[in-house]
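Enquirer:
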Amino acid sequence: MNDFVMNRQQEVETQLHELANDLPGFLTTDIVSIDGGLSIAGWSSHAPIEPSMVSAIAANIAAATRSAYQLVGRKTGSNDDIVVTTGEFYLLIRMLGDDYVHAVALSSDKGNLALARVTMGRMQSKLQAFVENPA
Amino acid sequence: MHGFVMNQLQQFVQSTANRSTWYAILEKAELPDAQFHAVADYPDEQMTALVGAASDVMSMAADDILESFGAFLGEALFTTYRPIIDPELRTIEFLEHVEDSMHKAVRARNSQAHPPVLDIKRTGADEVTIGYTSQRRLCSVARGMARGIAEHYGEPVTINEDSCMKHGDDQCLIRVTRQT
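Chains as they are written, first to last, in this note's numbering: chain A, 84 to 218; chain B, 197 to 376.
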């Protein structure tokens, strides 16, 4: 594999793995392209939740949020988190610029939303730098 | 066919023609209410029907539509996967590594996506040969993607298809040569 690709993927996956270890009830996390709904990197537990489904939900919600913000002339960066709660899982979505989001899913019985928000906030600058590769 | 590709086909038609052309294509393909979501997988027959209908509605040969769509799709995938693309690469080098970088990343986290397995060989300092064997026989899309990548890098290339499954060969061999 191209060294650049391998290093970039390992670097971000290490960060996502650390996040997984820090969060009780962790299910899955992905860096997702808003326009296509495709994950470019991620990490999952062995929980029965389909990561690509979480990515698609996150991308759709983020796209709608981005449109809504554009309508009122605000930048998406002025929004911290989008939180979706269901009986099965919590989904936290954090914008990484205008094109990508960081999505984390936690089980709703064990997940801690406050801890997840703080942990995601701590990682934001590194993940932002990851998606801003100038290729 | 992965929903991302179907979605991109819609975007392609709407950007090269307009929204009403897309609706006319859906009608012609007998898929009037179809909506394509990134999380889903769709029967290949739907893609075939849409391309056939697009050929009629847009008065273009199906292969020409697929090749133009390939260029559009290549740019969309390049944009999506930009964070893991080596900024030092150019057309030939990018194509040489597309299987072990982009396709691997697509498969790793997007279980519904099944990009074709490509057998890619560097056949010269400025040349790469792509072996394509998918039963979908969408080598025109692969040719278009190569062209789209070259356009992205602003490098003139020639693209030759030395053998083609549609002409009875075992595989399609697409040779991309950078003009120096």
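All C-beta atoms in this analysis are idealised placements derived from N, C-alpha and C, irrespective of residue type, glycine included. It should be emphasised that the depicted structure is a prediction, and the values quoted were computed from it without experimental measurement.
Is it right to say N356/B is buried, meaning 16 or more other beta carbons lie within 10 angstroms of its own, or is it exposed?
Expert: Classification of N356/B: exposed, given that the 10 Å Cβ count is below 16.
Enquirer: At a cut of 8 Å, does the stretch 130 to 145 of chain A reach the stretch 111 to 121 of chain A through at least three beta carbon pairs?
Expert: Enough Cβ pairs lie closer than 8 Å, so yes.
Enquirer: On the criterion of 16 or more Cβ atoms from any shown chain inside 10 Å, does S264/B qualify as buried, or is it exposed?
Expert: It counts as buried.
Enquirer: Alpha carbon to alpha carbon, what distance is there between R305/B and Y173/A?
Expert: Taking the straight line joining both Cα atoms gives about 20 Å.
Enquirer: Who does R177/A pair with in a DSSP beta bridge?
Expert: According to DSSP, which records beta bridges pairwise, R177/A is partnered with H185/A.
Enquirer: If we count the other Cβ atoms within 10 Å of its Cβ and call it buried at 16 or more, is E226/B buried or exposed?
Expert: When all chains shown are included, E226/B counts as exposed.
Enquirer: Quick one, are the C-beta atoms of L262/B and S336/B less than 9 Å apart?
Expert: Cβ atoms of L262/B and S336/B: closer than 9 Å.
Enquirer: Going by the CB atoms, is the gap between V214/A and E278/B shorter than 9 Å?
Expert: For the sequence presented, residue 278/B should be read as Arg rather than Glu. Against a cut-off of 9 Å, the Cβ pair of V214/A and R278/B comes out as a contact.
Enquirer: Listing by chain order, which chain B residues have their CB less than 9 Å from the CB of G125/A?
Expert: The contacting residues are A304 and R305.
Enquirer: Could you work out which residues of chain B lie near A142/A, taking near to mean beta carbons separated by less than 8 Å?
Expert: Those are A234, listed as they occur along chain B.
Enquirer: Name the chain B residues that come within less than 8 Å of N216/A, Cβ to Cβ?
Expert: Per Cβ cutoff of 8 Å: R278, P279, I280, I281 and P283.
Enquirer: State the DSSP-derived secondary structure class of S191/A, mapped to helix, strand or coil.
Expert: Correct three-state label for S191/A: coil.
Enquirer: Cα separation between R91/A and P228/B?
Expert: When rounded, the distance between both Cα atoms is 43 Å.
Enquirer: Can you pull the DSSP bridge partners for H198/B?
Expert: Answer is D237/B.
Enquirer: Buried or exposed, going by whether 16 or more other CB atoms sit within 10 Å of the CB of D113/A?
Expert: So D113/A counts as buried.
Enquirer: Can we count A139/A as close to the ligand COA, meaning its CB is less than 8 Å from some heavy atom?
Expert: The ligand COA is not part of this structure, which contains no ligands at all.
Enquirer: Could you tell me which residues DSSP puts in a beta bridge with K300/B?
Expert: Beta-bridge pairing links K300/B to no other residue.
Enquirer: In the stretch 85 to 104 of chain A, which residues sit with their C-beta less than 7 Å from some C-beta in chain B, listed in chain order?
Expert: So the close ones are N85, F87, V88, R91 and Q92.
Enquirer: Can a CB atom of chain A be found closer than 9 Å to the CB of H293/B?
Expert: Cβ-Cβ to chain A under 9 Å: yes for H293/B.
Enquirer: Output yes or no for whether 9 Å exceeds the beta carbon distance between R370/B and R339/B.
Expert: In the sequence on display, residue 370/B carries Ile and not Arg. In contact: I370/B and R339/B (Cβ atoms closer than 9 Å).
Enquirer: In angstroms with no decimal places, state the Cα-to-Cα distance between E223/B and L99/A.
Expert: Between E223/B and L99/A, the C-alpha separation is close to 44 Å.
Enquirer: Please check if any C-beta of chain B sits within less than 9 Å of the C-beta of I176/A.
Expert: No - not a single Cβ of chain B is within 9 Å of the one on I176/A.
Enquirer: Interface residues of chain A around F265/B at Cβ under 7 Å?
Expert: The contacting residues do not exist; F265/B stays about 15 Å from chain A at best.
Enquirer: Could you tell me whether the stretch 208 to 224 of chain B touches the stretch 252 to 262 of chain B, using the rule of 3 or more Cβ pairs below 8 Å?
Expert: Segments in contact, yes.
Enquirer: If we cut at 9 Å on Cβ distances, does T275/B have a partner in chain A?
Expert: Yes, its Cβ sits closer than 9 Å to a Cβ of chain A.
Enquirer: Would you decide whether D192/A is buried or exposed? Buried here means 16 or more other CB atoms lie within 10 Å of its CB.
Expert: With fewer than 16 other Cβ atoms within 10 Å, it is exposed.
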